[in-house]
Amino acid sequence: MNFERTNIILYCHKWMETVTFYRNTFDFPVNYQTDWFVEFQLSGHSYLSIADESRASIQSVEGQGITLSWQVTNLQELQTTFEKRNITVSAIQKKWSAYLFYLHDPEGHRIELWQPTTD
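Numbering (this note's numbering), first residue to last: 378 to 496.
Here it is as structure tokens:
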């Protein structure tokens with residue numbers, strides 16, 4: 378099986394807050410948008426969509442059981458940038474041969490940003 382494209386869709390009760398969070402925090406470009414659905418492009422063929430649960434047939438899980446895990450190349454720089462923007466982030470920790478930290482979007486979804494260790 379070959380996947381040509383991936384898209385994670387988060388159905389949100391706090392839709393506008395969550396859209397604004399991803400737009401302002403990560404500066405993801407918008408690939409597609411309606412009045413209740415925004416699709417951000419994460420990389421080549423990888424997307425994250427935020428859907429307004431009040432306009433969809435699927436309800437929000439309010440962040441329960443979801444972690445978005447993204448490998449980055451500039452972990453320390455991102456943590457510093459987020460802290461300067463008053464975004465609550467965890468301390469950098471070492472787990473699973475990686476350095477990582479966590480933050481949460483307004484809907485409660487956990488975001489894990491990580492970078493492989495070099496040792």
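Idealized CB from N, CA, C, for every residue including glycine.
- Between the beta-carbon of Thr457 and that of Lys471 there is about 18 Å, and that puts the pair past the 8 Å contact cut.
- By the beta-carbon neighbour count (other beta carbons within 10 angstroms, threshold 16), Tyr409 is exposed.
- Between the segment 440-448 and the segment 476-491, the count of Cβ pairs shorter than 8 Å is three or higher; the stretches touch.
- Under the three-pair Cβ rule at 8 Å, the segment 422-436 does not count as touching the segment 460-467.
- In the three-state DSSP reduction, Arg487 falls in the strand class (E or B).
- Counting along the chain, Val415 sits inside no alpha helix (DSSP H); it lies in the beta strand (DSSP E) bounded by residues 414-420.
- In the DSSP assignment, Lys461 falls within the alpha helix (DSSP H) that extends over 452-461.
- For Phe478, the three-state secondary structure derived from DSSP is strand.
- A residue is called buried when at least 16 other Cβ atoms come within 10 angstroms of its Cβ; Ser437 meets this threshold and is buried.
- For Glu430, the closest C-alpha among the options Pro483, Leu419, Leu387 is that of Leu387.
- Secondary structure of Asn401 (DSSP, three-state): helix.
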